[in-house]
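These notes are about the structure you will find just below.
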Amino acid sequence: MLVFNGFALSVLINLGTKTIQTQTGHLQIATNVYWDKSADRPKDTLIAGAKQLQNELHKHPKVAFASGRLSFFGLLTAGDRTLSARGVSFEPQVEGDLGASFKFIDGRGFTKDELFHVALGSGLATRLHAKSGDSLTLLSHTYDGVVNAIDVTVTGIFQVGIAEFDDNNFLIPLSAAQTLLDTENIEQMIVRLHNTSDTEEVRGEIQARLRGGATVKPWTEVAVLYQQITKFNEVQNRIMAFIILSLILLGILNTIGMSVFERTGEIGTVAALGENSRTILWQFLLEGGVLGLLGAISGMVLGTILIVVINWLEIKVMMPGASTDIIIKIGFFFRAFLEAGFLAVASAIVASFIPSWRASQMNIAEALRRNI
Amino acid sequence: MNEESQKRGQLVVLASAVTKSYQMGSEFITPLKAVDLQVQRGEFLALSGSSGSGKTTFLNLIGGIDVPSSGEVKVDGVPLQRLKSEQLARFRAEKIGFIFQTFNLIPTLSALENVEYPLVLLRMKPAERRALAMEALARVGLEKFVKHRPPQMSGGQRQRVAIARAMVKNPPLVLADEPTANLDARTACEILDLMAKLNRELGTTFVFSTHDARILERASRIFKVGEVA
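Taken in order, these protein sequences are the chains called A and B.
This note's numbering applies: residue 1 is where the first sequence begins, and numbers increase by one.
This note's numbering applies: residue 1001 is where the second sequence begins, and numbers increase by one.
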C-alpha cells in the first residue's frame, strides 16, 4: 500500500510538474468565448493588449513569468515530406531557452533574438526525417482565413515524455507565430508561479483584477491527461485499499478468532474470577488494535526498505501514453504512511470486534468446560 | 428462621428448590431437580455424586457463573438471580474464590501475578496486592516459587497457586470443583489437608465437589447432590 501509494503519488507529481512546465503553466488566462468555444470567428477568441496584462502580472511577487500563447495547426514540409502538426508558441524573452522544461535530445531551445525557428517533438521529427539545423516550410491560415507560409530553421528536437505531445507538436517563438497568423494578439496568457501551492490564491487575485470577458483557470482544470490519470489513480487506490482491507480483515478475524478459540478456557476463568464482559471485549479489541499497529509498523519498515531498494535499482518502465522510458521513483509521502497506518489499525480493530464480542458474551460454565 | 440466620451472617449459602435444565441437541437434560442446601459459615462441605450427577452445575449456580432454571440461590445474603451480569461479575470478584479441577491458571503470568489477579479486579493498589499475594503464596508453601510460571510447576504446586488465588481476597466462600481429580493420591491428600487447614485457621467456608471416597472422609459434612440437606 505504502509502495503503491508512493509510486502513484510520485507519478502524479511528476506528471503535474511536467504538464505545468511544458503545457499549461500554473494558470491560463483566456477570453470566455475561448473557454466555452462559442466564438463565431476564431479571431474573436484572441486577447488584445496582452502586453499590458503581461507587465501587470510580472509585478506580482508570486509570479515567475507570464507568457503569451498561440496554438494552431499547420503543415510542416521538409524536402518531400509534409506533415500536419500543432504549433505551440513560446516567448524566449521571458521563458528562456526552454532547457529547464524540455529535454532536448538534439540541438537546443531558442535564443532571445531568434525569430523564424522551431523546435520539433521527437516523434514528429522522426516522421519528418528532420534534425537540428534543417530548414522547413511552415504553412497555415491566418485568423482572416488567408493561407500564409514562413520558412523556419529547426533549432532542436525535444522530448517531454508524453507520446501524444512529442508526436504532434512543435514549438515556435510567439512573434513568429503572430507573423504567420497575422495577428498581434494572443490566445492565452500562461502564468507560471514560483510555488505550485500558491495557484489558488493567485488565481483568485488575478480573476478579481480581470475585466469581464476573460477567465483565469488553474492548471488542474485544463490538464485533461492529468485529470484522467488522477481519476484513474483514485479508483485504482480505492480498489487496492479495498483488497488490502479485505486481507487485513480476514487475517485479523482469523487471528483473533483463533486466539479466542484457543483461550476459551482462560476467558472462562477470568470471567469466573470476576472480570466483566466489557473489559474482556476491550482486551480483545486492544489485542486486535495492537496487532494492527505492529503490522502497520513492520509494514512501514518493510515498505521503506522496499522503496529504497526499488529507487536504488533504477528500474525503467514505459508508462501508458509516454514516449520514453521512465525510471521508477517512489517517493516517501507522509500522507501515504498515515493512510496505510490508519487503514491497518482501523481495519484490525473492526475485524477484532466480532471475535471479541463473542469472547465477551461467552457462557462461563461452557467456557470453563473447554479447559478440561 | 433461615432468613433470620442469614441476616446474622451464619448462613453463607441458601439454595431453595434449585432446578437446572438445559437443552443438548434435541434433548432436555435436568441435572438438578429441586435441590435445597444450606451451608453454615466455616463449614468444610463436600458435594458428592457420580459423574454427571450435577455437582459442577450446582457449584456453578452457587458461584454465580450460571443461573438456575427455577428456585433461588442466596450467597452471603445476596439473591444471585436478581443481579445483572455486571453485578454478578462484581459479586464473584468480591465474594467467591474458585478452585478448578484443571487449576485454570493463566499460563503467561507468574505464580505471584496469578495470585494478584483477583486483587487487580478489586482495583487494589499494586504494593498492597503484591504484599497480600506474597502472603497467600507463603500460606500455601510456595514463597520460593513466586516467579515461576504455571508450565514450570507440578500439578500439586499449580493447585496450591490456585488455592492461594482463591484465598488472597479473603472471600466468605471458596468453591472447589474436583480440586484433586487431576492429582496423584498423595498430592490430593496434601491439597485437601491444606484446604482443611485454611478452613480451620481462617474460618473460610469451603464447598467442594468430589467422588473420591478418601477425600470425602475429610469433609465436615457430605451433601449428596439431589438429597435433602
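Glycine residues also receive a C-beta, built at the ideal position from the N, C-alpha and C atoms.
Could you check whether residue 360 of chain A and residue 281 of chain A sit closer than 8 Å to each other, using their CB atoms as the reference points?
Start at 1 with the first residue of the first sequence, and residue 281 of chain A comes out as number 281. Start at 1 with the first residue of the first sequence, and residue 360 of chain A comes out as number 360. In this structure, residue 360 of chain A lies closer than 8 Å to residue 281 of chain A by Cβ.
Alpha helix (DSSP H) containing residue 1193 of chain B: first to last residue?
As a working mapping, residue 1193 of chain B is identified with position 193 in the second sequence. Note, residue 1193 of chain B: alpha helix (DSSP H), 1185-1202.
Counting only Cβ pairs nearer than 8 Å, list the residues of chain A close to residue 1063 of chain B.
For the purposes of this step, residue 1063 of chain B is identified with residue 63 of the second sequence, where counting begins at 1. Residues of chain A passing the Cβ test: 272.
DSSP-derived helix/strand/coil call for residue 12 of chain A:
Here residue 12 of chain A is taken as the residue at index 12 of the first sequence, counted from 1. Helix.
Give the range of the alpha helix (DSSP H) segment to which residue 1087 of chain B is assigned.
Within the second sequence, numbered from 1, the residue matching residue 1087 of chain B stands at position 87. Per DSSP, residue 1087 of chain B belongs to the alpha helix (DSSP H) from 1085-1095.
Report yes or no: do three or more beta-carbon pairs, one from the stretch 282-298 of chain A and one from the stretch 256-270 of chain A, lie closer than 8 Å?
yes
At a CB distance below 9 Å, what residues from the stretch 259-290 of chain A approach chain B? Give them in sequence order.
265, 266, 268, 269, 270, 271, 272, 273, 274, 275, 276, 277, 278, 279
Cβ of residue 1221 of chain B within 8 Å of any chain A Cβ:
The count along the second sequence starts at 1 and reaches residue 1221 of chain B at position 221. No, residue 1221 of chain B does not count as interfacial toward chain A.
Roughly how many whole angstroms lie between the Cα atoms of residue 1006 of chain B and residue 1056 of chain B?
The count along the second sequence starts at 1 and reaches residue 1006 of chain B at position 6. The count along the second sequence starts at 1 and reaches residue 1056 of chain B at position 56. Only weak support exists for where residue 1006 of chain B lies, its pLDDT of 49 falling under 50; the value from the coordinates is given anyway. Taking the straight line from one Cα to the other gives about 24 Å.
For residue 316 of chain A, I'd like the list of residues in its chain whose CB is within less than 8 Å of its CB, leaving aside the five on either flank, ordered along the chain.
Here the question's residue 316 of chain A lines up with position 316 in the first sequence. 325, 326, 327, 328, listed in sequence order.
Unbroken beta strand (DSSP E) run spanning residue 184 of chain A, endpoints:
Taking the first sequence and counting its residues from 1, the one referred to as residue 184 of chain A is at position 184. It is not in any beta strand (DSSP E) - residue 184 of chain A carries neither H nor E in the DSSP assignment.
Run of the beta strand (DSSP E) containing residue 218 of chain A, from where it starts to where it stops
Mapped onto the first sequence, residue 218 of chain A falls at position 218. From DSSP, the beta strand (DSSP E) with residue 218 of chain A extends over 214-218.
To which residues does DSSP link residue 316 of chain A through a beta bridge?
The residue given as residue 316 of chain A occupies position 316 in the first sequence. Partner(s): A:327.
Are residue 1208 of chain B and residue 1047 of chain B close, meaning C-beta to C-beta below 8 Å?
Reading the second sequence from its first residue, position 208 is the one you call residue 1208 of chain B. Reading the second sequence from its first residue, position 47 is the one you call residue 1047 of chain B. Cβ atoms of residue 1208 of chain B and residue 1047 of chain B: closer than 8 Å.
Decide if the stretch 342-355 of chain A is in contact with the stretch 236-254 of chain A; the criterion is three or more beta carbon pairs, one per stretch, under 8 Å apart.
yes
Span of the beta strand (DSSP E), counted from its first residue to its last, around residue 360 of chain A:
Numbered from 1 along the first sequence, position 360 holds the residue referred to as residue 360 of chain A. Run containing residue 360 of chain A: none in the beta strand (DSSP E); it sits in the alpha helix (DSSP H), 334-360.
Counting only the same chain and skipping the five closest in sequence on each side, list residues whose C-beta sits under 7 Å from that of residue 4 of chain A.
Within the first sequence, residue 4 of chain A is the residue found at index 4, counting from 1. Contacts found: 240.
To the nearest angstrom, how far is it from the Cα of residue 132 of chain A to the Cα of residue 104 of chain A?
For the purposes of this step, residue 132 of chain A is taken as the residue at position 132 of the first sequence. For the purposes of this step, residue 104 of chain A is taken as the residue at position 104 of the first sequence. Their backbone Cα atoms lie some 10 Å apart in a straight line.
With a threshold of 8 Å between beta carbons, is residue 1086 of chain B in contact with chain A?
Start at 1 with the first residue of the second sequence, and residue 1086 of chain B comes out as number 86. So, interface residue.
Would you say residue 1170 of chain B faces chain A, with C-beta separation under 8 Å as the test?
Locating residue 1170 of chain B in the second sequence gives position 170, where the first residue counts as 1. Chain A contact via Cβ: absent.
Closer than 8 Å, CB to CB, is residue 1163 of chain B near chain A or not?
Taking the first residue of the second sequence as position 1, residue 1163 of chain B is located at position 163. False, the Cβ-Cβ gap to chain A never drops below 8 Å.
Beta-carbon proximity of residue 1062 of chain B to residue 1015 of chain B, cut-off 8 Å:
Reading the second sequence from its first residue, position 62 is the one you call residue 1062 of chain B. Reading the second sequence from its first residue, position 15 is the one you call residue 1015 of chain B. Contact: yes.
Along the chain, where does the beta strand (DSSP E) containing residue 1036 of chain B start, and where does it finish?
Here residue 1036 of chain B refers to the residue found at position 36 when the second sequence is read from its first residue. From DSSP, the beta strand (DSSP E) with residue 1036 of chain B extends over 1027-1040.
Among the residues of its own chain, which have a CB less than 7 Å from the CB of residue 307 of chain A, if the five just before and after it don't count?
Here residue 307 of chain A corresponds to residue number 307 of the first sequence, with the count starting at 1. The residues are 3, 6, 330, 332.
Give me the residue from A:269, A:141, A:279, A:318 with the minimum Cα distance to residue 86 of chain A.
Stepping through the first sequence from its first residue, residue 86 of chain A is reached at position 86. With distances taken between Cα atoms, residue 86 of chain A lies closest to A:141.
What residues are listed by DSSP as bridge partners for residue 28 of chain A?
In the first sequence, residue 28 of chain A corresponds to position 28, counting from 1. Paired residues: A:190, A:217.
For residue 1047 of chain B, name the three-state secondary structure that DSSP assigns.
As a working note, residue 1047 of chain B is residue 47 in the second sequence. Three-state result, residue 1047 of chain B: strand.
Once the 5 residues before and after residue 1095 of chain B are set aside, which same chain residues still bring their CB inside 8 Å of it?
The residue you call residue 1095 of chain B lines up with position 95 of the second sequence. Only 1075, 1076, 1078, 1171, 1172, 1173 meet the Cβ criterion.
Since I believe residue 123 of chain A is in contact with residue 167 of chain A (beta carbons under 8 Å), could you give me their beta-carbon distance rounded to a whole number of angstroms?
Walking along the first sequence from the start, residue 167 of chain A turns up at place 167. Walking along the first sequence from the start, residue 123 of chain A turns up at place 123. Right, their Cβ atoms sit about 3 Å apart.
Given that residue 365 of chain A touches chain B, what residues does it touch there, using C-beta distances under 7 Å?
Mapped onto the first sequence, residue 365 of chain A falls at position 365. Neighbours of residue 365 of chain A on chain B, chain order: 1060, 1065, 1066.
Determine, for residue 249 of chain A, whether the minimum Cβ-Cβ distance to residues of chain B falls below 8 Å.
Residue numbering aside, residue 249 of chain A sits at position 249 when the first sequence is read from its first letter. Not an interface residue.
Look at the alpha carbon of residue 175 of chain A and the alpha carbon of residue 91 of chain A, and state the distance between them as a whole number of angstroms.
Within the first sequence, the letter at position 175 stands for residue 175 of chain A. Within the first sequence, the letter at position 91 stands for residue 91 of chain A. Their Cα atoms are separated by approximately 8 Å.
Using a C-beta cutoff of 8 Å, does residue 294 of chain A count as contacting chain B?
Counting from one through the first sequence, the residue named residue 294 of chain A turns up at place 294. Residue 294 of chain A does not count as touching chain B.
Between which two residues does the alpha helix (DSSP H) carrying residue 1159 of chain B extend?
Locating residue 1159 of chain B in the second sequence gives position 159, where the first residue counts as 1. 1155-1167 is the span of the alpha helix (DSSP H), which, as asked, contains residue 1159 of chain B.
Do you know how far the Cα of residue 1176 of chain B is from the Cα of residue 1152 of chain B?
The residue labelled residue 1152 of chain B in the question sits at position 152 within the second sequence. The residue labelled residue 1176 of chain B in the question sits at position 176 within the second sequence. C-alpha separation (whole angstroms): 23 Å.
Do residue 274 of chain A and residue 1092 of chain B have their C-beta atoms closer together than 8 Å?
Taking the first residue of the first sequence as position 1, residue 274 of chain A is located at position 274. Taking the first residue of the second sequence as position 1, residue 1092 of chain B is located at position 92. Taking 8 Å as the Cβ cut-off, residue 274 of chain A and residue 1092 of chain B qualify as a contacting pair.
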